[in-house]
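Be aware that the sequence shown starts at 12, since it is given in our numbering, and climbs by one per residue.
Everything below concerns the one structure shown next.
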Amino acid sequence: MDAQAEKKPVVLSGVQPSGFVTLGNYLGAFKNWKSLQDENDCIYMIANLHAITVRQDPAALKKNTLEGLALVLACGVDPEKSDIFIQSHNPHHAQLSWVLSCYAQFGELSRMTQFKDKSAKYADNINGGLFTYPVLMASDILLYQTDFVPVGIDQKQHVELARTIANRFNGIYSDVFTMPDCILPKQGAKIMSLTDPSKKMSKSDPNPKSYVAVLDDRNTIIKKFKSAMTDSGSGIYRAEDKLGISNLMTIYSAVTGKNDEEIVKEFQNFGYGDFKAAVGETVADTLAPIKARFDEIIADKAYLKEVYTKGNERAMKRSAKTLSKVYKKVGFGI
Ligand code: ATP
Ligand code: LTN
12 MDAQAEKKPV VLSGVQPSGF VTLGNYLGAF KNWKSLQDEN DCIYMIANLH
62 AITVRQDPAA LKKNTLEGLA LVLACGVDPE KSDIFIQSHN PHHAQLSWVL
112 SCYAQFGELS RMTQFKDKSA KYADNINGGL FTYPVLMASD ILLYQTDFVP
162 VGIDQKQHVE LARTIANRFN GIYSDVFTMP DCILPKQGAK IMSLTDPSKK
212 MSKSDPNPKS YVAVLDDRNT IIKKFKSAMT DSGSGIYRAE DKLGISNLMT
262 IYSAVTGKND EEIVKEFQNF GYGDFKAAVG ETVADTLAPI KARFDEIIAD
312 KAYLKEVYTK GNERAMKRSA KTLSKVYKKV GFGI
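Structure representation (structure tokens):
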């Protein structure tokens, strides 16, 4: 078989070290990261450059970055199979981002929903980085000639913008970038907040009851589910006016692999309270082994350093090729 035929598709994704990793991050992203490793050439990064678009405490950012890395490993990402690194360790991301910002239109960036949401949420700090965030994300993706980007649905618009930028650049300079596609999970692409099921579950939500952190202990997880907001009425089934129950069904389905029909049957005689407790227990059972692995990995700082150093060396070799091509194309290659 020739080398070309053996080439596996490139998969790239990232997570911001902006707080406790949530059940939403796990079901929307990490769970997929592990399962993609065998069939693809995977690159995963801790997106600390993205995280400072919102004010961060430096010590907390450092801690969350290492913990994010340990959690990716605890979720089953294997550094022997995938490249894992910390975004700020590879300067090519910021370098390509400057170039690509000159190929992204003000109007396009203004239309990004995340920018609009975060501008409303952090009205006293609508900084340039918050606005150009999707250009940096496009750079992360395009630097590695990525074919697939596994993310939750909230990031789909950013991946589409990466395609728009790639298309524009390729149109001017001939084919430089591979066109990336999104991979969304079948169940769990958008897990909603437990306290307000009309809002996305988010790790930067100031109310810890709104999310389940992957590292929460068993009792906390069950307690949070028991106090999850549900709807008026009764009965366990999915409906537009039952956002709370529908969200719990999505979580249960993503964790167990069961479909709605099976879930409705399983819980036909349950009240809301018992259903919430059952979902809480199942989630706690799923997360317990991840937490146990995390505790081991985070205690071994030398191992973590080895993982991110080697991962970064490999990543930089790959990204250097794309960056050098881009520099030549735009006329920097003196
Ligand atoms: P922040 O609150 O700081 O914006 P976040 O919780 O949205 O953070 P990110 O680091 O931005 O998390 O996202 C990491 C991955 O998790 C992305 O692929 C994102 O799409 C996915 N993700 C985030 N929240 C959810 C959710 N509620 N449901 C499903 N996937 C999610
Ligand atoms: N913006 C992403 C995190 C992220 C990412 C990426 C995801 C940064 N760079 C590249 C996929 C590909 C988020 O999930 N909020």
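Don't be surprised by glycine CBs; every beta carbon is placed ideally from N, CA and C.
Quick caveat, the model's predicted, so the values are computed rather than measured.
At what residues does the alpha helix (DSSP H) containing residue i begin and finish?
| i | result |
| --- | --- |
| S130 | T124 to K132 |
| F117 | F117 to S121 |
| F286 | Y283 to I309 |
| D151 | G139 to L154 |
| I262 | L254 to T267 |
| M190 | Premise fails: M190 is in no alpha helix (DSSP H) and is neither H nor E. |
| M327 | K312 to V341 |
| I202 | Element bounds for I202: n/a, residue is neither H nor E. |
| I274 | D271 to E277 |
| A224 | No alpha helix (DSSP H) holds A224; DSSP gives it neither H nor E. |
| N75 | P69 to A85 |
| Q106 | H103 to S112 |
Pop quiz: residue i and residue j are said to be a contact at Cβ under 8 Å. What is the actual Cβ separation, rounded to whole angstroms?
| i | j | result |
| --- | --- | --- |
| Y222 | S204 | 7 Å |
| V160 | K336 | Between K336 and V160 the Cβ distance is about 20 Å, and since that is not below 8 Å, they are no contact. |
| L153 | H104 | Rounded, the Cβ-Cβ distance is 10 Å, inconsistent with contact. |
| S330 | S29 | Going by Cβ atoms, the distance from S330 to S29 rounds to 23 Å, so no, they are not a contact pair. |
| P191 | V225 | 26 Å between Cβ atoms; not a contact. |
| L172 | M123 | 7 Å |
| L111 | I176 | 6 Å |
| S108 | L147 | 5 Å |
| T206 | N218 | 6 Å |
Assign residue i to buried or exposed, taking buried as 16 or more other Cβ atoms, counted over all protein chains shown, within 10 Å of its Cβ.
| i | result |
| --- | --- |
| Q279 | exposed |
| C113 | exposed |
| F343 | exposed |
| G163 | buried |
| G7 | Outside the modelled stretch of the chain, which goes from 12 to 345, sits residue 7, for which no answer is possible. |
| A326 | buried |
| E78 | buried |
| W44 | buried |
| T33 | buried |
| D151 | buried |
| Q166 | buried |
| I183 | exposed |
| S24 | buried |
| P90 | buried |
| S185 | exposed |
| F31 | buried |
| F126 | buried |
| K332 | exposed |
| K129 | buried |
| A149 | buried |
Where does the unbroken beta strand (DSSP E) through residue i begin, and where does it stop?
| i | result |
| --- | --- |
| S24 | V21 to V26 |
| F41 | Run containing F41: none; DSSP gives neither H nor E here. |
| I95 | D94 to I97 |
| F180 | Element bounds for F180: not the beta strand (DSSP E) but the alpha helix (DSSP H), K167 to Y184. |
| F159 | F159 to P161 |
| I232 | No beta strand (DSSP E) contains I232, which is instead part of the alpha helix (DSSP H) from R229 to K237. |
| I54 | D52 to I57 |
Ignore the nearest five residues each way along the sequence and tell me which others in residue i's own chain have a CB closer than 8 Å to its CB.
| i | result |
| --- | --- |
| K42 | C86, P196, G199 and A265 |
| I97 | M56, I57, N59, T76, L80, Y319 and N323 |
| T297 | V266 |
| Y314 | I308 |
In chain order, what residues of the same chain have a beta carbon less than 7 Å from the beta carbon of residue i, not counting five sequence neighbours either side?
| i | result |
| --- | --- |
| I189 | Note that residue 189 is Thr in the sequence shown here, rather than Ile. Only Q156, T157 and D158 meet the Cβ criterion. |
| D242 | D252, K253, L254, G255 and I256 |
| I233 | A288, G291, E292 and A295 |
| A299 | R229 |
| Q106 | L334 |
| F180 | Y114, V187 and F188 |
| T261 | Q198, G199 and I202 |
| M12 | Because M12 carries a pLDDT of 43, less than 50, the predicted location of this residue cannot be relied on, and no value is offered for it. |
| I345 | none |
| Q27 | A58, H61 and A62 |
| A40 | S24, V26, P161, V162 and G163 |
| Q168 | M123 and T124 |
For residue i, I'd like the list of residues in its chain whose CB is within less than 6 Å of its CB, leaving aside the five on either flank, ordered along the chain.
| i | result |
| --- | --- |
| V22 | L47, N51, C53 and F159 |
| T64 | G140, L141 and Y144 |
| D94 | I54, G322, R325 and A326 |
| A14 | Here the model assigns A14 a pLDDT of 49, short of 50, so the residue's position is not dependable, and the following value carries that caveat. For A14, where only same-chain residues beyond five positions count, there are no Cβ hits under 6 Å. |
| D271 | R249 |
| K18 | none |
| L120 | F142 |
| Y283 | T241 |
| K302 | L226 |
| H100 | N323 |
| F236 | K287, V290 and G291 |
| A71 | none |
| L38 | G199, I202 and A265 |
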